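A.B. asks:
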Amino acid sequence: MTMTCHEVVEVVTAYLEGTMNPEDRVLFEEHLVLCDGCERYLRQMRRTIDLIGEVDEGSLSGRTRQQLLDAFADWKHSAT
Numbered sequence: 111m112t113m114t115c116h117e118v119v120e121v122v123t124a125y126l127e128g129t130m131n132p133e134d135r136v137l138f139e140e141h142l143v144l145c146d147g148c149e150r151y152l153r154q155m156r157r158t159i160d161l162i163g164e165v166d167e168g169s170l171s172g173r174t175r176q177q178l179l180d181a182f183a184d185w186k187h188s189a190t
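Listed below in structure tokens is the structure:
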């Protein structure tokens with residue numbers, strides 16, 4: 111069994127947070143060895159997290175919070 115690029119993108123957060131099950135982690139890391147694009151994507155995600163850090167929800171205006179929620183809902187809907 112192999113993991114596709116699309117699957118790597120879908121589970122990258124679980125990988126970075128360390129919540130991925132061991133079997134999927136092996137598949138994820140095997141894919142990275144073979145796919146320069148996904149390895150680069152993982153590096154970019156790590157760099158983005160390092161640069162931005164965590165956003166405190168309390169620091170967002172109500173409008174900004176809603177815009178972010180709407181954007182993620184639209185993204186999730188278009189991904190399915």
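Note that the working numbering has the sequence shown beginning at 111, numbered continuously upward. Glycine is no exception: its CB is placed at the ideal position from the N, C-alpha and C atoms. Bear in mind the structure is a predicted one, so any value in this text is a computation, not a measurement.
#1: Should D113 be labelled buried (16 or more other beta-carbon atoms within 10 Å of its own) or exposed?
#2: Could you tell me the distance, in whole angstroms, from the CA atom of Q176 to the CA atom of T123?
#3: Skipping 5 residues on each side, what residues in its chain have a beta carbon closer than 8 angstroms to that of T190?
#4: Tell me whether L170 sits in a helix, a strand or coil according to DSSP, three-state version.
#5: Does A189 come out as helix, strand or coil in the three-state DSSP assignment?
C.D. replies: Let's see:
#1: Taking the sequence shown and counting its residues from 1, the one referred to as residue 113 is at position 3. It is Met, not Asp, that sits at residue 113 in the sequence shown. Buried: at least 16 other Cβ atoms inside 10 Å.
#2: On the sequence shown, residue 176 is found 66 positions in, with the first residue counted as 1. On the sequence shown, residue 123 is found 13 positions in, with the first residue counted as 1. About 22 angstroms.
#3: Taking the sequence shown and counting its residues from 1, the one referred to as residue 190 is at position 80. Any reading at T190 is ruled out, since the residue's pLDDT is 47, under 50, leaving its predicted position unreliable.
#4: In the sequence shown, residue 170 corresponds to position 60, counting from 1. Three-state result, L170: coil.
#5: In the sequence shown, residue 189 corresponds to position 79, counting from 1. Low confidence applies here, because A189 scores a pLDDT of 49, under 50, leaving its location unreliable; read the following figure in that light. Three-state result, A189: helix.
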